[in-house]
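To start, the structure under review is shown below, and the notes come after it.
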Amino acid sequence: MTIPVMASDGGEIDFSPVQRIRMEKKERARKRWQRQLARQVKGSQNRQKTKQRLAQSFEYTKNVRKDVIHKAT
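Sequential numbering from 22 applies to the sequence shown in the numbering used here.
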């Protein structure tokens, strides 16, 4: 993600260094979970757990973006 928030006047609002590091870590984990999910048997309990982890990872990213926008405006 290059520019998380772009204002109408052309200004850019970026993540803090801590948020950026955490989101990169979550992204690496997300890739691993997606590969793992692709190999698992549909309908299995472990597949459900992996899907839940994946959903939480996406939710974290969504919440960070929402927080940055809220604090900036």
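Glycine is no exception: its CB is placed at the ideal position from the N, C-alpha and C atoms.
Helix, strand or coil, according to DSSP, for residue i in the structure here?
i, result
"Val26", "strand"
Out of the options, state which residue places its alpha-carbon closest to the alpha-carbon of residue i.
i, options, result
"Lys46", "Ser78, Val89, His91 and Asp88", "Ser78"
"Thr82", "Glu33, Ile42 and Gly64", "Ile42"
"Asn84", "Gly64, Met44 and Ile34", "Met44"
Over what stretch of residues does the alpha helix (DSSP H) that includes residue i continue unbroken?
i, result
"Gln55", "Pro38 to Arg60"
"Ser78", "Gln66 to Ala93"
At least three beta-carbon pairs within less than 8 angstroms, the region 44–59 to the region 69–87: Yes, the region 44–59 touches the region 69–87.
Taking 8 angstroms as the cut-off, does the region 63–70 touch the region 24–44 (at least 3 CB pairs, one atom from each stretch)? These segments do not touch.
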